[in-house]
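Residue numbers (our numbering): 70 to 245. C-beta: ideal position from N, C-alpha, C; glycine also. Note that the structure is a prediction, hence the values are computed from the model and not measured. Worksheet: the structure to be examined is printed underneath.
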Ligand SMILES: Nc1nc2c(ncn2[C@@H]2O[C@H](COP(=O)(O)OP(=O)(O)OP(=O)(O)O)[C@@H](O)[C@H]2O)c(=O)[nH]1
Ligand SMILES: [Mg+2]
């Protein structure tokens, strides 16, 4: 199982998502500090909302296998800049919560996430658990472990550490 790190503004639905992923009934708990569980790391929304704390998000992210930007479908503005993935050395995905909101604008949030560099975007409703199984399916496979030398080799050919080697070879062939 991949360990997922959740970041997003307060009320985005991060803690509810951890509960839905664990199969628990939703119960509201304001996140006061970063909580590390077995498969999830849940951060308080205030980290994403303050430029002074946001550096902490990058530090916590190194404890996880995959980083998720969590944004509610009815969020009125975007906290995350384009190309966010460039300073996070992990796969970046997006999770759109509250798809049941009457004010939901899923295509707009999806666009923000794609601009940030999210390689996958999942749409969920934490209350009804719609979309949770798709996310669990993605998380269930462990990332392959690699040695430091293997990581350095991938860097030397301009490849992210989690991308398969044959993917790059295919691209190089195509560009010839
Ligand atoms: N309708 C609906 N409400 C949701 C959904 N997900 C979360 N909520 C509600 O949104 C509120 C905030 O959810 P939290 O999961 O506590 O939000 P958070 O991102 O952890 O917030 P902080 O801990 O402050 O960072 C709660 O009242 C949840 O019940 C969803 O998918 N649909
Ligand atoms: Mg929370």
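Residue i Cβ short of 7 Å to ligand 1 heavy atom set
| i | result |
| --- | --- |
| residue 193 | yes |
| residue 68 | Here the chain comprises residues numbered 70 to 245, so residue 68 is not present and cannot be evaluated. |
| residue 79 | yes |
| residue 134 | no |
| residue 155 | no |
| residue 163 | no |
| residue 172 | no |
| residue 72 | no |
| residue 114 | yes |
| residue 146 | no |
| residue 95 | yes |
| residue 209 | no |
| residue 120 | no |
| residue 108 | no |
N- and C-terminal bounds of the beta strand (DSSP E) containing residue i
| i | result |
| --- | --- |
| residue 175 | Note, residue 175: premise wrong, no beta strand (DSSP E); alpha helix (DSSP H) at 175-185. |
| residue 141 | 135-141 |
| residue 73 | 73-76 |
Residue i: CB within 7 Å of a non-hydrogen atom of ligand 2
| i | result |
| --- | --- |
| residue 105 | no |
| residue 83 | yes |
| residue 166 | no |
| residue 100 | yes |
| residue 111 | yes |
Residue i - partner residues in DSSP beta bridges
| i | result |
| --- | --- |
| residue 192 | 165 |
Rounded distance between the beta-carbons of residue j and residue i, thought under 8 Å
| i | j | result |
| --- | --- | --- |
| residue 137 | residue 174 | Actually they are not in contact, since the Cβ atoms of residue 137 and residue 174 sit about 19 Å apart, beyond 8 Å. |
| residue 78 | residue 117 | 5 Å |
Range covered by the alpha helix (DSSP H) that runs through residue i
| i | result |
| --- | --- |
| residue 224 | 217-225 |
| residue 210 | First-last for residue 210: undefined, no H or E at that position. |
| residue 87 | 83-90 |
Residue i Cβ short of 7 Å to ligand 3 heavy atom set
| i | result |
| --- | --- |
| residue 136 | This structure lacks ligand 3; the ligands present are ligand 1 and ligand 2. |
Inset, instruction - Tell me the start and end of each unbroken beta strand (DSSP E) in the stretch 94-139 that is at least 3 residues and wholly inside, in chain order. - result: 109-111
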